[in-house]
């Protein structure tokens, strides 16, 4: 997947170049525009198990010849069986008098003692059938089932009356046999034709109100053919899908930017043999937020006999547990409304919970402020630290445990300071820091030098990595920490593997394979097709190429990548964000140990379309995976929000 282009933004703040085992820091750009603030609550495993959902408009028995229903029903049934979804909602399963019965054929082909599915059949001339795997789900009688009629706002003489007539929402409560969780599953089909926008908007308002009240707290999965694509030129600006999302607090499983193209369309515009470029995305799967999110959206374009079995493609998505709590904690931040403020997250007290450190060169005497983590997603009142101050904006601060006492130390460097030495202030494990220790063997007076602190040897001490694309052929030098009471490092270990001479390259360190040693990751929008390249730590300061991730590529320099263990399995995952991509949602590619997943998990918590938003990943509460920190100086009075990881 190649991400679409976007405009340029100013370069990353220097602090965002540091990515250690406890911190993955983001950009500082743009203007506010964010999701609503949720209520705070404790992170916990949700108990949900991932399941696959399909929506499929099978097209009623309207055609003749090779496209007549009897000639394609086997192919339709085969597509459903081949995709092996756990829940399937179909539309246009019509049963006209005197003609072939689509619902009867589907039920015969998918249910029975030797078939995998059971079905909720609400009845009627075009029932919105809901099939479900017998081995995975069973009816939930406490929720029940039903068939809600949708409004038709048109007079009987109006052209759109027949297009909106008889539309319904079928629904059924289903219990997951593997988890005991119950879901409210809905299937619908809205009014068709571009001219019938009013009908769809009225249907959307009714459906949103229905799904906001009827399920009584049970998570919702809704699907159907909504006959609208707001990104299409045929229905510009129609808010049908957005109205359902907002009114029922649902999230669609697939988001795209710009005009719908061939890869995003769910309607086969070549069905009648006259291809066009007017692509449309009409079919959607939506779900409740909170404990649920989605991954791996897919569109099945398989043909049979030179054409697809229906004029719509089967659309699939995996509904799965969320990675982050939908609620957040909100904590005041010193100088939080200033775009010049820089934030860092590291455990400076040694209690296993990452604390928040802030610095603004133009505020006061350039002090750092330490806000101790409460280990519940919140922070105590920030306390000013008067040591190692700087009023020079080009100063770079880092926080990492270089001596192995479990408390992150404070590191300061500026190429024009002293002889370019790295200055370390050992943590006292109480939020304050001791006297300066200068490290001269890694000294640099070049503005192009970048320093990173990460445990690349697996001894619980952060090592120092130096890189300058203009020096030593772009090779990386690792100074292995000696893990003593006084911070010190060994001689440089040079790694030419993955050497890079471009100042546009972003460098990250995180333990991707779960062996306890931080690996090196590189991304450059102008190199290797925008792929992320991973170099595995050998454990002695050198690195060996491991893999290049073929998915989640980007040739856009405003894209942001973060690497942190968000699912709590001990392996750092890949997170992609750009405010103009997929409406500001995070795309998370979990690590498998040998690669990142090919399809992303969509994160609907704390999303932002603002280039001025920063994201950070750190274990704030000391439990499970890395929590997500949101900060935008133009929103919420510059306070930081923490969305806690749901992994334990």
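In this note's numbering, the protein residues as written are 218 to 865.
Backbone N, C-alpha and C define an ideal beta-carbon position, used for all residues, glycine too.
Quick caveat: nothing in here was measured; it's all calculated off a predicted structure.
- The continuous beta strand (DSSP E) containing residue 362 extends over residues 362-366.
- In the DSSP assignment, residue 351 falls outside any alpha helix (DSSP H) and carries neither an H nor an E.
- Secondary structure at residue 307: strand, using DSSP grouped into helix, strand and coil.
- Secondary structure at residue 649: coil, using DSSP grouped into helix, strand and coil.
- A Cβ-Cβ contact shorter than 7 Å links residue 444 with residue 407.
- A contact is defined here as three or more CB-CB pairs under 8 Å, and the segment 756-766 fails this definition with respect to the segment 835-855.
- Per DSSP, reduced to three states, the secondary structure at residue 274 is strand.
- Between residue 612 and residue 640, the gap from beta carbon to beta carbon reaches 7 Å or more.
- CA-to-CA, the gap between residue 607 and residue 584 works out to about 7 Å.
- Residue pairing from DSSP places residue 847 in a beta bridge opposite 832 and 858.
- Following the DSSP letters along the chain, one finds residue 323 inside the alpha helix (DSSP H) bounded by residues 319-327.
- In the displayed model, residue 409 falls within coil according to three-state DSSP, outside both helix and strand.
- In terms of CA proximity to residue 597, 573 leads the group 573, 605 and 618.
- Closest in alpha carbon position to residue 779, among 726, 465 and 280, is 726.
- In its chain, beyond the 5 residues on either side, 306, 345, 347, 387, 440 and 441 have a beta carbon closer than 6 Å to the beta carbon of residue 404.
- Comparing alpha carbon positions, the residue from 496, 734, 420 and 577 closest to residue 380 is 420.
- Counting the other Cβ atoms within 10 Å of the Cβ of residue 283 gives fewer than 16, which makes it exposed.
- Per DSSP, residue 718 is not a residue of any alpha helix (DSSP H), being assigned neither H nor E.
- For residue 753, no alpha helix (DSSP H) encloses it; the enclosing beta strand (DSSP E) starts and ends at 749-754.
- The Cβ-Cβ distance between residue 731 and residue 768 does not fall below 7 Å.
- Contact between the segment 465-472 and the segment 519-528 is absent, with fewer than three C-beta pairs closer than 8 Å.
- Residue 550 places its beta carbon 7 Å or farther from that of residue 269.
- Using a 10 angstroms sphere on the CB of residue 601, the tally of other CB atoms stays under 16, which defines it as exposed.
- When the Cα atoms are used, residue 512 and residue 532 turn out to be separated by approximately 13 Å.
- Taking C-beta atoms as the reference points, residue 578 and residue 610 count as a pair closer than 7 Å.
- Contact check between the segment 557-573 and the segment 614-633: three or more CB pairs, one atom from each, fall below 8 Å, which counts as touching.
- In this structure, the beta-carbon distance from residue 317 to residue 310 does not fall below 7 Å.
- Annotation: residue 825 to residue 791 spans about 18 Å, alpha carbon to alpha carbon.
- Considered as a whole, the segment 759-825 harbours 760-766, 777-781, 790-794, 803-806 and 818-820 as its complete beta strand (DSSP E) runs of no fewer than 3 residues, in chain order.
- Boundaries of the alpha helix (DSSP H) around residue 295: 286-300.
- Counted as a single uninterrupted DSSP element, the beta strand (DSSP E) harbouring residue 574 occupies residues 572-576.
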